[in-house]
Amino acid sequence: MSEAERVVLTGASKTYETASGPTIALSATDLTIEPGEFVSIVGPSGCGKTTLLQLLAGFLSPTDGTVVVGGKAVSGPAADRGVVFQAPTLYPWLTVRGNVEFGPKVRGVAKAERRSRTQAMLDLVGLGDFGDKRPYELSGGMQQRAQIARVLVNDPAIILMDEPYGALDALTRERLQVDLLKIWRRAGKTIVFITHSVEEATFLSTRVLVMSARPGRVIVDRRIELPGDTSDGVRDPGVVATPEFNAIKGELAKAIYDAHG
Ligand SMILES: Nc1ncnc2c1ncn2[C@@H]1O[C@H](COP(=O)(O)OP(=O)(O)OP(=O)(O)O)[C@@H](O)[C@H]1O
Ligand SMILES: [Mg+2]
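Heads up: take any position in the sequence shown, counting from 1, add 28, and you land on the working numbering.
Put into structure tokens, the structure is as follows:
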């Protein structure tokens, strides 16, 4: 993982101008995310989490301050930053394979190469046998995995995920959490993950940021180390039953409660 993928926000803020006046969604924020980190962002509804993610994605630009990725100011969306949204955004008229292959096709990657990369990504997310299906033939969890494959195929250094598992049932969600940890480990990506679940944030992350109610700012920046953590291992789901896990979860839950003001 190269130095070049570091994310640096310096005094980055975002104010939306609306008919009823300005809304400060994100207060001046200083934040550095190192390559390979798994950072979750939690905080009350409307506190600016999606705004922060969209600044990183390049869908929005800051009102003040700078957002720099890999040494360059972010000036728009780019292939080094893949975004997974909460709602399924697969193209219904394409097969699963067609959806995953779409990005490389648009970028002009030769057919043989994009076919083999697409198959490799489908295999990685456990959809190796579902390439010829249409999105409607997949379950919600499978559609989410197809979306992740569609992002991974472009080999982004950074994956930005906005409540990707919010709409899923608990069992599917737990499976996908472990899948995501495996992908993160194998593919060596940086992940920024928004969630409303403190449990999910604690289980997945190497670091959790808690944001205050609007105007949003980072009020807690907590490194997460859990029993059994190794630099190349994936966390055992059983870790959620340990006192260490519950202590961190309680600490973060209290911070979020206080953040409501
Ligand atoms: N395009 C926009 N125009 C005007 N105001 C906006 C816009 N997008 C967001 N806001 C406002 O900015 C604030 C932060 O919104 P944002 O979507 O970043 O919150 P969030 O933390 O992602 O919330 P949630 O958890 O509900 O998804 C909110 O007060 C919202 O009303
Ligand atoms: Mg949001």
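Each residue gets a CB set at the ideal place from its N, CA and C atoms; glycine is no exception. Predicted model, so just to flag it, every value in this text is computed and none were measured.
One residue after another in chain order, those with a Cβ under 7 Å from a heavy atom of ligand 2 are K77, T78, D190, E191, I222.
Taking the Cα of L84 as reference, the smallest distance to any Cα among R162, I52, I186, G71 is reached at I186. Annotation: K277 to R143 spans about 42 Å, alpha carbon to alpha carbon.
Not one heavy atom of ligand 1 lies closer than 7 Å to the C-beta of T146. A Cβ-Cβ separation of about 6 Å places K42 in contact with P90 under the 8 Å criterion. In the DSSP assignment, G131 falls within the alpha helix (DSSP H) that extends over 124-134.
The three-state secondary structure of T230, taken from DSSP, is helix. Between the alpha carbons of R250 and A53 lies a gap of roughly 22 Å. The continuous beta strand (DSSP E) containing R250 extends over residues 246-251. Of the residues assessed, Y164 falls on the exposed side of the cut-off, its CB having fewer than 16 other CB atoms within 10 angstroms. Checking the 7 Å criterion, the Cβ of G278 is out of range of every heavy atom belonging to ligand 1. Distances taken from the Cβ of A53 to the heavy atoms of ligand 1 include one shorter than 7 Å. For E272, the uninterrupted alpha helix (DSSP H) run begins and ends at 271-287, by DSSP.
Between the alpha carbons of P255 and E272 lies a distance of about 7 Å.
Of the candidates P116, A106, G156, F113, the residue whose Cα lies closest to the Cα of V134 is A106. Following the DSSP letters along the chain, one finds L37 inside the beta strand (DSSP E) bounded by residues 35-46.
Taken in chain order, the complete alpha helix (DSSP H) segments of 4 or more residues contained in the stretch 46-131 are 77-85. The criterion of a C-beta distance shorter than 8 Å is not satisfied by A177 and L166.
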